[in-house]
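**Student:** I'd like to ask some things about the structure below.
Number of protein chains: 2
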Amino acid sequence: MNPRDRRAARHQPSEPGGTDPAPRRRALPITVEQVVDTALGLVAADGYEALTMRRVAAALDTGPASLYAHVVNKADLDELLIGRLCAEIALPEPAPDAWRDQLRDVCAQLRDQYLKYPGLSRAALAAAPTDRQVARVGEGLLALALAGGASPQDAAWAVDALVLYVAAYCLERSIAQRKAVHEDAAWVLDREELRRRLTALPAADFPHTTRHAAELTGGAGHDRFDFTITLLINGLGHR
Amino acid sequence: MNPRDRRAARHQPSEPGGTDPAPRRRALPITVEQVVDTALGLVAADGYEALTMRRVAAALDTGPASLYAHVVNKADLDELLIGRLCAEIALPEPAPDAWRDQLRDVCAQLRDQYLKYPGLSRAALAAAPTDRQVARVGEGLLALALAGGASPQDAAWAVDALVLYVAAYCLERSIAQRKAVHEDAAWVLDREELRRRLTALPAADFPHTTRHAAELTGGAGHDRFDFTITLLINGLGHR
DNA sequence: TTCTACGGACGAACGGTGTTCGCGTCAAGC
DNA sequence: GCTTGACGCGAACACCGTTCGTCCGTAGAA
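Residue numbers (the working numbering), protein chains in the order written: chain V, 1 to 239; chain B, 1001 to 1239.
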């Protein structure tokens, strides 16, 4: 089956659920699932930057050309990865009095998935919202926001904002982490070093930055994340 | 002067302001400013994906190796571009009764700059906050948030959230725009087509998505942007 | 004035990337 | 048993970021 048709099918409502035909040549023939699994493994191990058609092919003991029988191009593979990632998200049944916590929970799930596959959130920003699995998550979030009593327009925009922020937060974190590992030792910026650099700025030009360097670099774990998500969700409630 | 030292100087408080020495070989020798100008021109014309050391060099009528006398590597060039972009932002004097609108205005300036250079916001997510010009914008935003009466911790986190959201919003928009130009005609997703696709999803599995497809794809201009920015800023005020 | 040393410019090359072309080869259908 | 067609994949193309070694014009020393 042509990978172009395969991609189109993923964006179509119908899902006939036919079984793909038997193997052809290989002992264990390549399937799309295999490609996706291998790719996800690569991303989890070495980050999204290390995701290369050649590396995926090599991990499957073949050449890069073989992948193009299953995948339109790298962007298509990215989309498949995002789809798989979204499929892992558990969506709760909206409860009228718990919708805030439920929204927070789904966002945290998304965050953890993105951080499990560093840098993949970059591909999420490019993902078309009509992919089945992506649409599934969007639907779940929209249901929660609507359960909170927001107008459809507010709910739609808030869901968009949440998804966008989660992806950006994870992307920024992954980039920072990669830099810490990969860059010249002189430029690694752990939090303490960053705080020191900020304090070292001329106080005349940067009074607030120098004074509040601790707050700017502060926050254990995902405090910063929770802060923003809560800000968005709370704002959605009372308006 | 070594480009590594040049980069280090950009992150240092001191700014001696000496004059760079006279030309060497070329009729009009290459300067960092020229490189940055050329690169920005490329990004403005063809997007960040088209920003290539080779293309920058070609636009300057030279080979790629010549650039490395002025720039550490491509990441360094990215940082310089972000710095230049931030330098264009006008920061208002915080007024106690107008800080919300002032915050909105600075965010809109950032947004317009990012959209003027499509895709460059991707580099912004990787930019170190100790770069002088980046720190300048951060300082200005922090001053505005503090003028609103927020606690230092809330102000710091809110500024971070704003900056992150603006970059993500612009990045997503740039990606979508590039896809519309660049992709197979069958996959271009103008808003009307997107709405049609969402409505075509099976209503049983996607009740809210299909019903509110108009809201999900709606919003003229930067309504979606304004919505989120306002949500964040308002939440910052009363807590 | 002559000589030396320095540092920017840059041609060529290396190892990597995504993607395509075309050939071989096997399994299924007649 | 033969034909057919789809899949696997080696080889190649055009492009990327980066480095090495060389060249050479100028600045300062003698």
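Heads up, the beta-carbon is just placed ideally off N, CA and C, and yes, glycines get one too.
1. Any idea what DSSP makes of S1066/B, helix, strand or coil?
2. In three-state terms, what does DSSP make of G1235/B?
3. Given that G218/V touches chain B, what residues does it touch there, using C-beta distances under 8 Å?
4. Does the distance from the C-beta atom of R1136/B to that of L1091/B stay below 9 Å?
5. Does the region 221–237 of chain V come close enough to the region 1153–1170 of chain B that 3 or more CB-CB pairs lie under 8 Å?
6. H1070/B: buried (16+ other C-beta within 10 angstroms of its C-beta) or exposed?
7. Looking at the C-beta of Y169/V, does it have a partner C-beta in chain B at a distance below 9 Å?
8. Roughly how many angstroms lie between the CA atoms of G1017/B and T230/V, to the nearest whole one?
9. Give, in chain order, every residue of the region 1113–1137 of chain B whose Cβ lies closer than 9 Å to some Cβ of chain V.
10. Distance, Cα to Cα, D20/V vs D1037/B?
11. Cβ of L1110/B within 9 Å of Cβ of I1089/B?
12. On a CA-only basis, which of G1237/B, I1175/B, A1128/B and S1151/B is nearest D1046/B? Give me that one, please.
13. Which runs of the alpha helix (DSSP H) fall wholly inside the region 201–230 of chain V and span at least 4 residues, in chain order?
14. Pull up the CB-CB distance for P129/V and G138/V, whole angstroms please, since I reckon it's below 8 Å.
15. Considering only the beta carbon of each residue, do P1094/B and L1144/B sit closer than 9 Å?
16. Please list, in chain order, the chain B residues whose beta carbon lies closer than 8 Å to that of T209/V.
17. Would you decide whether G1235/B is buried or exposed? Buried here means 16 or more other CB atoms lie within 10 Å of its CB.
18. Which stretch, first to last residue, makes up the alpha helix (DSSP H) that contains A150/V?
19. For chain V, check one thing: does any of its Cβ atoms lie closer than 9 Å to the Cβ of P1110/B?
20. State yes or no: is the C-beta of A1124/B within less than 9 Å of the C-beta of L1085/B?
21. Find the residues of chain V that neighbour D1190/B, judging by a C-beta separation of less than 7 Å, and give them in chain order.
22. Decide if T31/V is buried, meaning its Cβ has at least 16 other Cβ atoms within 10 Å, or exposed.
23. Among the candidates Y1165/B, V1035/B and N1002/B, whose CA atom is the shortest distance from the CA of T1228/B?
24. Would A59/V count as contacting chain B if we go by Cβ distances under 9 Å?
25. State yes or no: is the beta carbon of G235/V nearer than 9 Å to at least one beta carbon in chain B?
26. In angstroms, rounded to a whole number, what distance separates the CA positions of A44/V and D205/V?
27. Going by C-alpha to C-alpha distance, which of E49/V, R10/V, V181/V and D61/V sits closest to P29/V?
28. Give the DSSP-derived three-state secondary structure of H1011/B in the structure shown.
29. Does the CB of G1212/B have a neighbour CB from chain V at under 9 Å?
30. Using the beta-carbon count (16 or more within 10 Å), is E1079/B buried or exposed?
31. State the Cα-Cα distance for the pair D101/V and R54/V, rounded to the nearest angstrom.
32. Compare the C-beta of A81/V against all C-beta atoms of chain B and say whether one is closer than 9 Å.
33. Please classify E88/V: does DSSP put it in a helix, a strand, or coil?
34. Tell whether a beta-carbon distance below 9 Å holds between T199/V and A213/V.
35. The alpha helix (DSSP H) spanning G41/V covers which residue range?
**Tutor:** This is what the structure holds:
1. helix
2. helix
3. Q1153 and A1156
4. Their beta carbons are under 9 Å apart, which means R1136/B touches L1091/B by this criterion.
5. yes
6. So H1070/B counts as buried.
7. yes
8. Low local confidence applies: a pLDDT of 41 at G1017/B is under 50, so the model's placement there is unreliable, with the coordinate-based value given in what follows. If I take the Cα positions, the gap works out to 45 Å.
9. R1122, L1125, A1126, A1128, P1129, T1130, R1132, A1135 and R1136
10. Bear in mind that the predicted position of D20/V carries a pLDDT of just 40, short of 50, making it unreliable; the figure below should be weighed with that in mind. Using only the alpha carbons, I get a separation of about 54 Å.
11. yes
12. I1175/B
13. When DSSP assignments are scanned along the region 201–230 of chain V, the uninterrupted stretches of alpha helix (DSSP H) that are 4 or more residues long and fall wholly within it turn out to be 207–211 and 213–217.
14. 6 Å
15. yes
16. In chain order: A1135, G1138, E1139 and L1142.
17. buried
18. A150/V -> no alpha helix (DSSP H), and no H or E assigned at all.
19. Reading the sequence as shown, one finds Leu at residue 1110/B and not Pro. For L1110/B, the answer is no, since every Cβ of chain V falls outside 9 Å of its Cβ.
20. yes
21. Residues of chain V whose Cβ lies closer than 7 Å to the Cβ of D1190/B do not exist; the shortest such Cβ separation is about 13 Å.
22. exposed
23. Y1165/B
24. no
25. yes
26. 42 Å
27. The residue with the shortest Cα to Cα distance from P29/V is D61/V.
28. coil
29. It is worth fixing the name first, because residue 1212/B is His in this sequence and not Gly. Yes, because at least one Cβ of chain V sits closer than 9 Å to the Cβ of H1212/B.
30. Buried: at least 16 other Cβ atoms inside 10 Å.
31. So the two alpha carbons sit approximately 42 Å from each other.
32. The sequence given here has Leu at residue 81/V, not Ala. Not one chain B Cβ lies under 9 Å of L81/V.
33. coil
34. Annotated as proximal: T199/V and A213/V, with beta-carbon spacing under 9 Å.
35. V32 to D46
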